[in-house]
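Engineer: To start, I am sharing the structure in question, which I have written as structure tokens.
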Amino acid sequence: TGNGQSVVLRNDGDVIPWGNNVYGQTNVPPNVTNVIGIAAGGSDTAALLRGGTVVVWGWNGYNQTIVPANATNVVSVAAGLYHILALRGDGTVVAWGYNGYGQTTVPTGLTNVVAVAAGDMHSLALKKDGTVMAWGYNNAGQRTIPTGLSNVVAISARRDQSLALINNGSPWILNQPPTQ
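When you line the sequence shown up against our numbering, it's residues 53 to 232, in that order.
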């Protein structure tokens, strides 16, 4: 879900959006076929197409619908409020759009990434070794990774929260330790 719009990816690769369409974020372009991944942002929607290309549509106030040339061989996408993250098959991350808080400034040397997630103004990457990297806005501690957090198998982000799932099934809100 985005900020007012929702989108579903069907098994056949069709995209079904609904909700707020002020900026055309629910108007799926005709070239969006063979979709294998989808992400709804603030006022835009990103689709990952079979073959590793990305298409973004909707509001373009921060050039988030202009996919950079190095966003190739993409295996996963995430959308923040006004920014997009693309995970490439080589384990590197490409980010574009609004960068007022450093949310599209991918940390130097970030490699071996297996998943990405985007909050409103922060970004997360899950590394192959089960650790998490975060960058961007930190007004609520959403990019402050708890000491010793490891064995993470999934991440998620929204607004000013960052979430991790540990391999024993325990959820962890990164900006708040779990209750015992």
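For every residue, glycine included, the Cβ atom is placed at its ideal position computed from N, Cα and C.
(1) Any idea if G200 is buried or exposed, counting beta-carbon neighbours within 10 angstroms, 16 or more meaning buried?
(2) If we count the other Cβ atoms within 10 Å of its Cβ and call it buried at 16 or more, is A123 buried or exposed?
(3) In the DSSP assignment, find the unbroken beta strand (DSSP E) run with D142 in it and report its ends.
(4) Which residue spans inside the stretch 143 to 226 form an unbroken beta strand (DSSP E) run of at least 3?
(5) Express the C-alpha separation of T117 and G54 in angstroms, rounding to a whole number.
(6) What is the DSSP secondary structure of D64, counted as helix, strand or coil?
(7) Compute the beta-carbon to beta-carbon distance between A98 and I136, rounded to the nearest angstrom, for a pair I have assumed lies under 8 angstroms.
(8) May I have the straight-line CA-CA distance separating R140 from V74, to the nearest angstrom?
(9) Indicate the three-state DSSP secondary structure (helix, strand or coil) for T97 in the structure shown.
(10) N190: which of G152, L100, G110, D96 sits nearest, CA to CA?
(11) Whole angstroms are fine: how far does the CA of N79 sit from the CA of G143?
(12) If you follow the beta strand (DSSP E) that T105 is part of, which residue opens it and which one closes it?
(13) Could you pull the start and end residues of the beta strand (DSSP E) that I88 belongs to?
(14) Using a C-beta cutoff of 7 angstroms, does L201 count as contacting chain D?
Structural biologist: On the basis of the coordinates in this document:
(1) For the purposes of this step, residue 200 is taken as the residue at position 148 of the sequence shown. With fewer than 16 other Cβ atoms within 10 Å, it is exposed.
(2) Start at 1 with the first residue of the sequence shown, and residue 123 comes out as number 71. By the 10 Å Cβ count, A123 comes out buried.
(3) Residue mapping note: residue 142 aligns to position 90 of the sequence shown, counting from 1. Looking at the DSSP string, D142 is not in any beta strand (DSSP E), and its letter there is neither H nor E.
(4) Secondary structure remark: continuous beta strand (DSSP E) runs of at least 3 residues inside the stretch 143 to 226, in chain order: 145 to 149, 165 to 170, 174 to 179, 184 to 188, 204 to 210, 213 to 218, 223 to 225.
(5) As a position in the sequence shown, residue 54 is number 2, starting the count at 1. As a position in the sequence shown, residue 117 is number 65, starting the count at 1. The straight-line gap separating the alpha-carbon atoms of G54 and T117 is approximately 15 angstroms.
(6) Counting from 1 along the sequence shown, the entry for residue 64 is found at position 12. Coil at D64, not helix or strand.
(7) As a working note, residue 98 is residue 46 in the sequence shown. As a working note, residue 136 is residue 84 in the sequence shown. A98 to I136, Cβ: 5 angstroms. Contact.
(8) Walking along the sequence shown from the start, residue 140 turns up at place 88. Walking along the sequence shown from the start, residue 74 turns up at place 22. In a straight line, the C-alpha of R140 is about 31 angstroms away from that of V74.
(9) The sequence position of residue 97 within the sequence shown is 45, counting from 1. When secondary structure is reduced to three states using DSSP, T97 falls in the strand class.
(10) In the sequence shown, counting from the first residue as 1, residue 190 sits at position 138. Sorting G152, L100, G110, D96 by C-alpha distance to the C-alpha of N190 places G152 at the top.
(11) Taking the first residue of the sequence shown as 1, we reach residue 143 at position 91. Taking the first residue of the sequence shown as 1, we reach residue 79 at position 27. So the two alpha carbons sit approximately 31 angstroms from each other.
(12) Here residue 105 refers to the residue found at position 53 when the sequence shown is read from its first residue. Start and end: 105 to 110.
(13) Taking the sequence shown and counting its residues from 1, one reaches residue 88 at position 36. For I88, the uninterrupted beta strand (DSSP E) segment begins and ends at 87 to 92.
(14) This model lacks chain D altogether, as it is built from one protein chain only.
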